[in-house]
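Numbering (our numbering), first residue to last: 15 to 235.
All C-beta atoms, glycine included, are put in the ideal place defined by N, C-alpha and C.
Below is one structure; the comments refer to it alone.
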């Protein structure tokens, strides 16, 4: 059986009560009450410009400069986001033994912050940065400090928060923005998330599908 967020709260309670092995998939709507906006409206239409594409990020220096400049500004709010009641309710279901795995498309880590431990971050986590060359990983906050050190004039800029931890900076020249490289191999640093145009790692897909097969009900939010 499948639950969707269009159910009433009473129907949802009854649905959960009838099933002991729930599979839950969450998306952007779960985190909007934490101050993290989503890309699409209720009809599925884009609210803002589409996010950066993987190929453009990897091949175009200008795209990387624009991405990291927007990320420098947006991370201040994104990094302070806290779980909302939806995250805490799902953590409570796990503690009750009713949910064996929570799969999320979100990259904010708020399910873990709310207390969920069995979480599959299908699209990765924004609080980690990885080198595409040598696979070295480091905390996003460490990269933030390096970005500020290299670009002190950007420290006081502010803009509307965008969905994936960046900000809607428009009409700004990004050409002088200094993007750090991997301090181990000189490779390209990339947020440890799945960009548009990039494939979800197969092992994550396999784990998610195994959890679906093991469940007696499915939910999406």
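Residue 92 versus 52, 129, 80, 99, residue with shortest Cα-Cα distance | That would be 52, whose Cα lies nearest to the Cα of residue 92.
Name the two residues that bound the continuous alpha helix (DSSP H) containing residue 75.
-> Run containing residue 75: 75–92, per the alpha helix (DSSP H) assignment.
DSSP beta-bridge partners of residue 131 = BP columns for residue 131 are empty, so no partner.
Compare the C-alpha of residue 161 against each of 147, 175, 143, 174 and name the closest.
-> Comparing alpha-carbon positions, the option among 147, 175, 143, 174 lying closest to residue 161 turns out to be 143.
For residue 128 and residue 41, the rounded distance between their alpha carbons = 16 Å
C-alpha gap between residue 72 and residue 202, whole angstroms | 8 Å
What first and last residue would you give for the alpha helix (DSSP H) that runs through residue 31?
-> 23–31
Contacting residues, own chain, Cβ-Cβ under 8 Å from residue 99 (five flanking each side not counted) | 47
Taking all protein chains shown into account, do 16 or more other C-beta atoms lie within 10 angstroms of the C-beta of residue 126, making it buried, or fewer, making it exposed?
-> buried
Give me the Cα-Cα distance between residue 120 and residue 167, rounded to the nearest whole angstrom.
-> If I take the Cα positions, the gap works out to 31 Å.
Starting from residue 169, trace the alpha helix (DSSP H) both ways and give me its first and last residue.
-> From DSSP, residue 169 is part of no alpha helix (DSSP H); its letter is neither H nor E.
Residue closest to residue 155, alpha-carbon to alpha-carbon, out of 94, 225, 134 = 94
Candidates 172, 35, 84: which alpha carbon is nearest residue 188's?
-> Measuring C-alpha to C-alpha distances from residue 188 to each of 172, 35, 84 identifies 84 as the nearest.
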